[in-house]
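Below: one structure, written as structure tokens.
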Amino acid sequence: MSLLIKNLSARVKDGATILNNLSLEIPKGEVHALMGPNGSGKSTLSKVLCGHPDYEVISGSAHLDGQDIFAMAVDERSRAGLFLAFQYPIEIPGVSMANFMRAAMQSRLPEGEELDVIGFYKQLRGCMKELKIDPKFTARAVNEGFSGGEKKRNDILQMKMIEPSYAILDETDSGLDVDALRIVSEGVNAMRAPFRSFLVITHYKRLLDYIRPDVVHILSKGSIVRTGGYELVNHIEEHGFDFLEDIDSSEA
Amino acid sequence: MTRDEATFTIDSRGEFSFPENHKYDAGYGLTESTIDYISDAKGEPDWLRQFRKDALRKFNEMPMPEHWAPESLKNLDFDKIRYYLAHGNAPTRNWEDVPDEVKRTFERLGVPEQERAFLAGVDAQYDSETAYSNMQEELTKQGVIFVNANEGLMQHEEIFRPWFGKVIPVGDNKFSALNHAAFSGGSFIYIPKGVKLKQPLQAYFRINSESMGQFERTLIIADEGSELMYMEGCTAPKFDTATLHSGVVELVALKGAKIQYVTVQNWATNVYNLVIQRGLAMEDAEIRWIDCNIGAALTMKYPAVVLQGRGARGEVLSISIAHEGQHQDTGARMIHAAPDTSSNIIAKSISIGQGRGSYRGEVIIGKNATGCKNNTECDALLINAESRTDTYPAINIKGNSSSVQHEASVSQVDEEMLFYMQQRGLTRAQAMSLAVNGFVNELINEFPMEYSVELRRLIDLEMEDSIG
Amino acid sequence: MASPLRYLDLQQSRSELPNRLNELWRNGRPHIYATSVAEALSSRASQGSISSDAPSHCIKAISDAPSPRGIMSAGSHALVELHHAQFEAAPCGIHLNIAEQIEQAINIRYQSDSLLCPYSYIELQEGARAHIIEEHVSLGDALIFSLRRIKLAQGASLRLELREIGSGKSHAFNISEISVTSANFRQISSHSNHAWAREESICNISNAPESEIESSAMLLSANRLEGKQILDQRSDQNQLSPNTSSRVFYKNVIDDKARAIFDGNIYVAKDAHYSDAQQTNRNMMLSETASIYSLPGLEILADKVQCSHGSASGPMDAEELFYLCSRGISRYDAQKLVAEGFLQESYDRFSRES
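Protein chains in written order, with our numbering: chain A, 13 to 264; chain B, 734 to 1201; chain C, -11 to 342.
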């Protein structure tokens, strides 16, 4: 059981190819980190996996627990267990947090079954308390007027409620101060489990100090060029991404 | 004809008026015999003479525009207007009779002596032969045609006649009919495929009293992949005896071509300046109207782009300044008739004292125009206004794949801002012009260098006057 | 007082039915609708029910209300005349005079299955406060053509909800003339299920000479249009003395072959300095055949002012949809949520404290 990506090439619709023959497997229960310089394709990978309309797959496949996700619509992939914590969460004017979460939870129930509203609110408030989110936020429109950090915490709240099997965190640390970072990381760590996997996409070592990965991948020019353990993180910290120049020329 | 033979009177403003029935002009009013006079004087072929006469008939039938026009238009009396002045025979006046403010503006703008005489109506001609002939050689080498309306239609009929009157048809409105009947002067330009002109073409090169006439007719055809910038007008106040300027400018940008049309207008304040400007942009072509209206008693100008080919782009950048006794009624029209087209309108108007600025706009996204975008921004700045400012945009969209955004605002120069600048040593006038320059800054930067420098100076001058 | 330019040319058309040449009726298919309204007014008899749960001491006789004659309208004089004829023959409507602060919302209801020409006259005395919900229910192919005059005295505050509920085949026409003098006014209108509906809300905002209170008025609207429905809305924010503020915020979701027209004007009179006015029209287009005519306007005669207007129209935001789908919500439900949320913003603004 894993998220298995094989030979994936993808591009911006009517634009440049960004992912080149990328292969990656994330077994259940593991936390993988994906690092790479700007433009390497980190965000593109997460968007392509979730089915963002601006991108298209050229070749390759992605299977979630054996199911072909490229054959599914965006919402079907979500219900199959895939979750993306956005780099830039969107504001949805007029749609309250509470209504939004209810719709998301309702969508996961079988046809005809009604969501237990009382249970839902209890669960929502509980999660908000753990993440130290002001309960008044349930009435506010999704992400509207939220600071960067508040938007990220909101995504983690959704993750807690939805309980996905494969969660991708896209540059979750950008825009967070130390306190917010700690809260978000605690929330993520509390969700680590043998039936759940995480792909943490980041630029910096900092987040990975809080959310310790089991495996680290380096992405360069649209494909994975190095896979290893935590020591890779330190290497990047010290040498930056320059060493990739050597990889490119030596493995050319 | 010499100047002495022309007996005329000069009033207190330095404006002058014609006596009745003067020998070298077609007289007042527009009739079939005026048309004959014009066609004879120019030696026109029959088809052109007939074209004018048909247009005259339409002009007489059509009513004055009501919906898309300010109320002051009702004051225009067509029978009191002179429609044709023979080439090179415009009457002139003495330098001493030129009003002081006009002389001061020339001084401040650094207008060359030679030009001042022409602009002020002291000389009937501007001798630009030398500058013009050098440019002409370059252009001919590249296959560029740059002639006046009559030359275009008579010597290059196969190029210009197919497009003449197609972008702005005779029956479009009363003023297009008028222009089709009485047109004279203007530029007819053809740029061959792939030719990208490095230097802008200027109307100024071919100045004589005719080409800067009342009923200019300009037609520019940019063939596939070609590029050009055309400039007309100047910041210096332009004196004219004619009270009605009704020009027509038609632009055709074929596939992948790009036309930028820059106008700076500072007509004397007895002039009604009504211009119909429209461009047709084909597939992947681009048309940009860059407009600055400073003079005239009433200006009505709504540059339009019809985005006819997929991927076409249209843009209107407009600055207008309205002083005492002026009404700048300007705007833009974008008609999206093909998919994936985009348009942008930025209009900034400044109203000072009794001056009045109005914006009239129209953005239409048609049925088959999917995936289009428009952005419109129109801002008005009021200074010591006993002025009024009006904004009347109209947005009409069909379908769910295009997006249109329109923003407009009215504000005045902030007293806090002025106080702060004065506290740092600037005079009130300097502070004002800094503030106003800031307001129009991003637009002035779009004008070619020659104009932008002059425009800023002109604004400084206007601000000095307004502080009083 | 110099009136807004957009009313000037109407001197000629006082007696003629509005047609396409009438600028204030241009895009609303007047040749069909103005004619059918005139026909209904001339051929049907007024019948329907009128009710209100206002405190009885606030309800006055409709015959004691100042006549609706002279009410301002946006180019609809000929039709208003026909209303006067119906009303004078059989006066009907609600006359409220409120002198205190009433917490509980007051309901007014007009219902008809044929024709109803009611007149609502609502007056709030100094310092009074009220929240009124006026509901118009049209059954079958009914036309409810209502005129409204609202007068707010110094220090008064009124929140008004206008709900136009149709049957799918009905027509609705509503003209409101609102006078706000050193007072506070907020209105939200919503139209649903009418084949054709027109709303003219003309708000005259000024401050009483001795008063320190600065008038403010807010007009909101939230409408969902589908099928072949047409909604034609005209709004006028007329700021007549210094230091007043007004806001217009109209939102439409347009589907199928429906059409919305928004024609809003901000008029700031000479010497009405320090006026603060904003006008916003936002339209969400859901289908290839939906259409919108948005005509925001400004006529500013004073110079120390802060005025702006904006209009934005386009499809549903793809990013917003993607976000919701990525949380498992089906595309259909996501579209519903986003469209509802879009209109909800108007309601949120209406309910906000200040």
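Idealized CB from N, CA, C, for every residue including glycine. Just so we're clear, the structure is a prediction, and the values are computed from it rather than from any experiment.
I'd like the span of the beta strand (DSSP E) that includes residue i, first residue to last.
i	result
V982 of chain B	L977 to A986
F879 of chain B	I878 to V880
A248 of chain C	R247 to V256
Y923 of chain B	F921 to I924
R1121 of chain B	R1121 to K1131
W1022 of chain B	E1019 to N1026
A306 of chain C	Per DSSP, A306 of chain C belongs to no beta strand (DSSP E); it is in the alpha helix (DSSP H), A306 to C313.
Hey, could you find the ends of the alpha helix (DSSP H) residue i is sitting in?
i	result
V200 of chain A	V190 to N201
I140 of chain A	Here residue 140 of chain A is Met; the residue named in the question, Ile, does not match the sequence. Where M140 of chain A is concerned, the enclosing alpha helix (DSSP H) stretches over V129 to E142.
H1139 of chain B	H1139 of chain B -> not in any alpha helix (DSSP H); beta strand (DSSP E) instead, spanning S1136 to Q1145.
Q323 of chain C	R319 to S339
G1012 of chain B	From DSSP, G1012 of chain B is part of no alpha helix (DSSP H) but of the beta strand (DSSP E) over Y1005 to A1014.
K164 of chain A	G160 to I174
T1160 of chain B	No alpha helix (DSSP H) holds T1160 of chain B; DSSP gives it neither H nor E.
A914 of chain B	K907 to A915
Report yes or no: is there a C-beta of chain C within less than 8 Å of the C-beta of residue i?
i	result
E263 of chain A	Here E263 of chain A scores only 48 on pLDDT, less than 50, and its place in the model should not be relied on; the value that follows carries that caveat. Not one chain C Cβ lies under 8 Å of E263 of chain A.
S1120 of chain B	yes
I1130 of chain B	yes
V1049 of chain B	no
I1168 of chain B	Note that residue 1168 of chain B is Ala in the sequence shown here, rather than Ile. For A1168 of chain B, the answer is no, since every Cβ of chain C falls outside 8 Å of its Cβ.
H247 of chain A	no
L961 of chain B	no
D1198 of chain B	no
Q1145 of chain B	yes
H229 of chain A	no
N32 of chain A	no
Y689 of chain B	Not covered by the structure: residue 689 of chain B. The range shown for chain B is 734 to 1201.
G1201 of chain B	Confidence in G1201 of chain B is poor, its pLDDT being 47 and thus under 50, which makes the residue's placement unreliable; the coordinate value appears in the next sentence. For G1201 of chain B, the answer is no, since every Cβ of chain C falls outside 8 Å of its Cβ.
Leaving out five residues on either side along the sequence, give the residues of the same chain with a beta carbon under 7 Å from the beta carbon of residue i.
i	result
S1142 of chain B	D1112
N269 of chain C	Y238, F250, G252, S282, P284 and S299
Y1035 of chain B	T1063, G1064, A1065, R1066 and R1093
N231 of chain C	N195, E202 and Y262
Let me see if you follow: with CB-CB separation under 8 Å, is residue i close to chain A or not?
i	result
A306 of chain C	yes
L325 of chain C	yes
C313 of chain C	yes
D321 of chain C	yes
S318 of chain C	yes
F338 of chain C	no
F310 of chain C	yes
Excluding the 5 residues flanking residue i on each side, which residues of the same chain have their C-beta closer than 8 Å to its C-beta?
i	result
A327 of chain C	R212, V241, M272, L274 and M304
L325 of chain C	L312 and I317
S944 of chain B	Confidence in S944 of chain B is poor, its pLDDT being 42 and thus under 50, which makes the residue's placement too unreliable to answer from.
Is any beta-carbon of chain B found at less than 8 Å from that of residue i?
i	result
A278 of chain C	yes
G329 of chain C	no
L281 of chain C	This sequence places Tyr at residue 281 of chain C; Leu is not what is there. Judged by the 8 Å Cβ criterion, Y281 of chain C is in contact with chain B.
D52 of chain C	no
L(-7) of chain C	yes
Q389 of chain C	No statement about residue 389 of chain C is possible, as the shown extent of chain C runs from -11 to 342 and does not include it.
Going by beta carbon distance, what residues of the same chain come within less than 6 Å of residue i, once the five residues before and after it are set aside?
i	result
Y255 of chain C	P(-8), N226 and E287
Y1092 of chain B	G1064, A1080, C1111 and T1124
V168 of chain C	L140, I193, S203 and A205
Give a single yes or no on whether residue i has its beta carbon closer than 7 Å to a heavy atom of the ligand FMN.
i	result
Y281 of chain C	With respect to the ligand FMN, the structure shown offers nothing to examine, as it has no ligands at all.
Item to complete: Could you pull out every unbroken alpha helix (DSSP H) segment of at least 4 residues lying fully inside the region -2 to 62 of chain C, listed in chain order?
Response: For the region -2 to 62 of chain C, whole alpha helix (DSSP H) runs of length 4 or above, ordered along the chain, are 18 to 31.
Fill in: Contact the region 125 to 133 of chain A vs the region 61 to 76 of chain A: 3+ CB pairs below 8 Å
Inter-segment contact for the region 125 to 133 of chain A and the region 61 to 76 of chain A is absent: fewer than three beta-carbon pairs are separated by less than 8 Å.
Worksheet item: Can you give, in chain order, each stretch of the beta strand (DSSP E) that sits fully within the region 82 to 113 of chain A and has at least 3 residues?
Response: Runs of the beta strand (DSSP E) inside the region 82 to 113 of chain A: 94 to 97 and 104 to 108.
Worksheet item: In chain order, which beta strand (DSSP E) runs of at least 3 residues are fully inside the region 144 to 213 of chain C?
Response: Along the region 144 to 213 of chain C, the beta strand (DSSP E) occurs as fully enclosed runs of 3 or more residues at 145 to 153, 159 to 169, 172 to 180, 184 to 194 and 204 to 213, listed in sequence order.
Discussion item. Three Cβ pairs or more, each shorter than 8 Å: is that satisfied between the region 1047 to 1060 of chain B and the region 1020 to 1028 of chain B?
Written reply: In this structure the region 1047 to 1060 of chain B touches the region 1020 to 1028 of chain B; the number of beta carbon pairs closer than 8 Å is three or more.
Worksheet item: Does the region 1176 to 1193 of chain B come within contact of the region 148 to 167 of chain C, defined as at least 3 CB pairs closer than 8 Å?
Response: The answer is no - the region 148 to 167 of chain C does not touch the region 1176 to 1193 of chain B, with fewer than three Cβ pairs under 8 Å.
Worksheet item: Does the region 235 to 255 of chain A come close enough to the region 69 to 80 of chain A that 3 or more CB-CB pairs lie under 8 Å?
Response: Output reads no: the region 235 to 255 of chain A does not touch the region 69 to 80 of chain A.
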